[in-house]
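Going by numbering that gives the first Met the number 0, 30 is the number at position 31 of the sequence shown; the sequence numbering is gapless.
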Amino acid sequence: MAWWIEVLVAALLVASGLLALAGAVGLLRLPDFFQRMHPPALAITLGSWCVALASVLYFSALDERPVLSAWLIPILLAITAPITSLLLARAALFRQRGFAAKRHAGPPRDGPGEAPPPSSAARHGPPLSLPCTRSSSA
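So, in structure tokens, the structure goes:
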């Protein structure tokens, strides 16, 4: 194997480690959940591409033929990482809104221009009357 391939593989692996470190520092330093989501997601995605490229280079040079199976990992990561980030952000947003609503909820106000809250029957409609069917056993 050529020495320049080993140097390139080592540089890619070091770059991947530095990206992971940068993501961890961003995770620790940023104050809000929504701000803390971005550095690790971006760093891990780019770091996984660096590791995959290093793996492809190393094993292709070792086997003297193209070995592209390592690309499957970052491709799947590129598909699933945005979906996971979106679901985490939505869950955090709903949770934050729920806590804010509970924290700021007070007694209902009947000020000018404000209607009283609807009653339970008005919100949900009339109660259901289910037919009562009994089977008689003789």
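Positions of the beta carbon are idealized from the N, C-alpha and C atoms, including for glycine.
**Study point:** Per-residue DSSP class, three states only, for Glu63
**Key:** coil
Check your understanding: Do Leu56 and Leu7 have their CB atoms nearer than 8 Å?
Key -> Leu7 sits close to Leu56, with the two beta carbons spaced by under 8 Å.
Review point. In terms of residues, what are the limits of the alpha helix (DSSP H) holding Leu12?
Key: Trp2 to Arg28
Check your understanding: By how many angstroms is the C-alpha of Ala53 removed from the C-alpha of Ala9?
Key -> 8 Å
Check your understanding: What residue from Trp48, Pro73 and Ala21 has the CA that sits closest to Pro39's CA?
Key -> With distances taken between Cα atoms, Pro39 lies closest to Ala21.
Review point. My guess is that Cys49 and Ala14 are in contact by the Cβ rule of under 8 Å, so how many angstroms apart are they, rounded?
Key: 5 Å
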